[in-house]
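Basically my numbering = 1-based index in the sequence shown + 5. Glycine residues also receive a C-beta, built at the ideal position from the N, C-alpha and C atoms. Note that this is a predicted model, so its numbers are computed, not measured. Here is the structure we will look at, set down as structure tokens.
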Amino acid sequence: MAAGSASKRRPKSASGGHQPQQLLLLLLVVVAAASWFLYVRASLPQQHGTSQNPPVIPEVVSRHKPLAAVPSSSPPSHLSHFSAASNSNFVSDGPYHDWELFRPDFEEMLRSLRIFVYPDVYDESSPFARIFLPHRDPLDPKLGNYYSEHMFKINLLRSSFLTSIPEDAHFFYMPFSINALRNDPRLHSEASIADFVAQYTTNISREFKFWNASKGSDHFYVYCHSVGRDAAGKHRELQTNAVQVTCSSSYFQRFFVAHKDVGLPQVWPRKPEKQLVPPEKRTRLVFFAGRAKNSNIRKELISLWENDTHLDIFSSSPPFPYEEGFRRSRFCLHVKGYDVNTARISDALHYGCIPVIISNYYDLPFANALDWTKFSLVLSSQDVPSLKQILLSIPNKSQGTFPVAYEAQRL
Numbered sequence: 006m007a008a009g010s011a012s013k014r015r016p017k018s019a020s021g022g023h024q025p026q027q028l029l030l031l032l033l034v035v036v037a038a039a040s041w042f043l044y045v046r047a048s049l050p051q052q053h054g055t056s057q058n059p060p061v062i063p064e065v066v067s068r069h070k071p072l073a074a075v076p077s078s079s080p081p082s083h084l085s086h087f088s089a090a091s092n093s094n095f096v097s098d099g100p101y102h103d104w105e106l107f108r109p110d111f112e113e114m115l116r117s118l119r120i121f122v123y124p125d126v127y128d129e130s131s132p133f134a135r136i137f138l139p140h141r142d143p144l145d146p147k148l149g150n151y152y153s154e155h156m157f158k159i160n161l162l163r164s165s166f167l168t169s170i171p172e173d174a175h176f177f178y179m180p181f182s183i184n185a186l187r188n189d190p191r192l193h194s195e196a197s198i199a200d201f202v203a204q205y206t207t208n209i210s211r212e213f214k215f216w217n218a219s220k221g222s223d224h225f226y227v228y229c230h231s232v233g234r235d236a237a238g239k240h241r242e243l244q245t246n247a248v249q250v251t252c253s254s255s256y257f258q259r260f261f262v263a264h265k266d267v268g269l270p271q272v273w274p275r276k277p278e279k280q281l282v283p284p285e286k287r288t289r290l291v292f293f294a295g296r297a298k299n300s301n302i303r304k305e306l307i308s309l310w311e312n313d314t315h316l317d318i319f320s321s322s323p324p325f326p327y328e329e330g331f332r333r334s335r336f337c338l339h340v341k342g343y344d345v346n347t348a349r350i351s352d353a354l355h356y357g358c359i360p361v362i363i364s365n366y367y368d369l370p371f372a373n374a375l376d377w378t379k380f381s382l383v384l385s386s387q388d389v390p391s392l393k394q395i396l397l398s399i400p401n402k403s404q405g406t407f408p409v410a411y412e413a414q415r416l
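In structure tokens:
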């Protein structure tokens with residue numbers, strides 16, 4: 006596909022002069038929001054007019070050949086609620102830092118951003134087809150914490166951002182799945198996954214030349230599993246230049262680079278809630294259940310608060326269904342463990358529980374665009390000894406100012 010002159014191609018400038026990382030962030034807001042919208046829309050309270058039926062995933066686009074470029078005159082149809090929101094009173098008070106400041110970039114991105122996906126994503130005859138093809142059943146509960154990785158690919162392939170003309174692309178998507186690599190018996194170890202990814206990167210740089218034009222700075226890949234943290238470890242340019250879109254966006258991750266890499270919300274495919282429990286009927290102050298191994302913050306949390314009868318904090322499985330802890334609690338903790346790749350934040354939003362995020366040096370998803378203080382509490386690890394006092398200082402009536410599930414529709 007790449008002509009000989011392609012090796013001299015200069016990277017396409019970001020639309021409107023924006024930095025590539027900012028454009029990619031805007032893309033992620035849209036594509037991940039489409040996944041999250043499918044996930045939360047049926048769980049919103051009925052008074053907001055949402056359907057009570059489980060989300061339905063339409064048929065994935067053809068896997069045999071790349072999509073033709075889609076005209077940019079209108080945003081993707083399944084993202085039409087963003088356009089409708091543009092003129093509503095909601096967005097002015099919504100989850101953004103400043104919607105009026107964010108809106109022009111967002112709308113420009115909807116009109117003009119183009120992404121080229123390497124054709125492996127359509128090749129069903131490849132012996133490694135399962136590594137690249139979209140997942141046939143992304144709502145399979147067995148996917149667990151890796152739902153976001155698969156839904157990102159599916160939503161991107163259904164979007165109007167794709168182009169079959171790589172010279173027109175602002176970004177290049179490397180469609181390998183770390184989750185699929187992890188479950189492939191030929192490539193199950195972290196070292197063999199890194200070998201595969203390095204060889205794949207070398208192959209596309211030889212075949213297409215677009216990698217060489219930017220040294221990979223306009224390329225990105227997505228992962229939501231801890232083994233993915235070392236996926237770039239055996240290819241220097243992939244490690245230092247390409248953007249990793251990751252659910253483990255912690256500064257402590259060896260190859261995570263703040264301001265280059267981007268955090269992705271981690272979502273677990275759960276059945277929709279018929280009715281959210283209102284704040285005044287939640288009988289417990291806080292809920293957390295998780296192992297303390299390899300986490301000093303969790304060890305301190307459990308040591309200080311596990312025996313407090315007013316708090317549901319457990320160092321192992323709770324004596325009731327895990328989901329019930331989210332339903333009956335006002336606040337639900339997200340505390341860094343060995344990694345920060347868990348779906349506790351999205352679980353809290355799903356069940357209408359206010360997320361309390363305790364993790365230093367953690368890039369919250371879309372933090373450049375979303376004001377997390379409007380729908381969560383973000384605390385330092387130094388606040389753990391004062392946790393109960395902090396949460397009790399927020400009266401029940403104030404909980405209504407946290408637009409939890411309703412705002413999650415537009416996250």
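Beta-carbon proximity check, residue i vs residue j, cutoff 8 Å
| i | j | result |
| --- | --- | --- |
| residue 242 | residue 221 | yes |
| residue 381 | residue 359 | yes |
| residue 303 | residue 340 | yes |
| residue 265 | residue 248 | yes |
| residue 233 | residue 299 | no |
| residue 374 | residue 107 | yes |
Pairwise C-alpha distance: residue j and residue i
| i | j | result |
| --- | --- | --- |
| residue 357 | residue 199 | 39 Å |
| residue 312 | residue 319 | 9 Å |
| residue 294 | residue 207 | 43 Å |
| residue 398 | residue 392 | 10 Å |
| residue 154 | residue 228 | 6 Å |
| residue 81 | residue 226 | Its pLDDT being 35, under 50, residue 81 is placed unreliably in this model, and the coordinates cannot settle the point. |
| residue 240 | residue 188 | 22 Å |
| residue 244 | residue 215 | 17 Å |
| residue 191 | residue 284 | 49 Å |
| residue 149 | residue 369 | 20 Å |
| residue 170 | residue 202 | 24 Å |
| residue 338 | residue 109 | 35 Å |
| residue 157 | residue 164 | 11 Å |
| residue 400 | residue 252 | 32 Å |
| residue 197 | residue 327 | 35 Å |
| residue 105 | residue 99 | 11 Å |
| residue 130 | residue 336 | 49 Å |
| residue 219 | residue 210 | 11 Å |
| residue 143 | residue 376 | 29 Å |
| residue 440 | residue 347 | Residue 440 lies beyond the stretch modelled for the chain, which goes from 6 to 416, so this question has no answer here. |
| residue 213 | residue 224 | 13 Å |
| residue 317 | residue 349 | 15 Å |
| residue 315 | residue 390 | 15 Å |
| residue 114 | residue 193 | 37 Å |
| residue 301 | residue 103 | 36 Å |
Option nearest residue i by Cα separation, candidates the options
| i | options | result |
| --- | --- | --- |
| residue 385 | 335, 266, 367, 363 | 363 |
| residue 246 | 233, 274, 217 | 217 |
| residue 281 | 371, 188, 340, 354 | 354 |
| residue 378 | 208, 361, 314 | 361 |
| residue 160 | 149, 141, 175 | 141 |
| residue 184 | 285, 236, 99, 351 | 236 |
| residue 176 | 119, 336, 193, 197 | 119 |
| residue 286 | 325, 332, 276 | 332 |
| residue 388 | 374, 376, 375, 365 | 365 |
| residue 133 | 103, 205, 113, 104 | 205 |
| residue 278 | 383, 263, 352 | 352 |
| residue 263 | 117, 367, 317, 223 | 367 |
Anticipated Cβ contact below 8 Å, residue i with residue j, distance rounded
| i | j | result |
| --- | --- | --- |
| residue 290 | residue 322 | Residue 290 to residue 322, Cβ: 20 Å. No contact. |
| residue 230 | residue 101 | At roughly 30 Å, the Cβ-Cβ gap does not stay under 8 Å, so residue 230 and residue 101 are not in contact. |
| residue 330 | residue 292 | 4 Å |
| residue 274 | residue 139 | Not quite, the Cβ-Cβ distance comes to about 15 Å (not below 8 Å), so this is no contact. |
| residue 136 | residue 186 | 6 Å |
| residue 121 | residue 174 | 4 Å |
| residue 260 | residue 238 | 7 Å |
>> Does the structure place the region 298-313 close enough to the region 269-279 that three or more beta carbon pairs sit under 8 Å?
In response: no
> Between the region 179-194 and the region 121-136, are three or more C-beta pairs nearer than 8 Å?
Replying inline: yes
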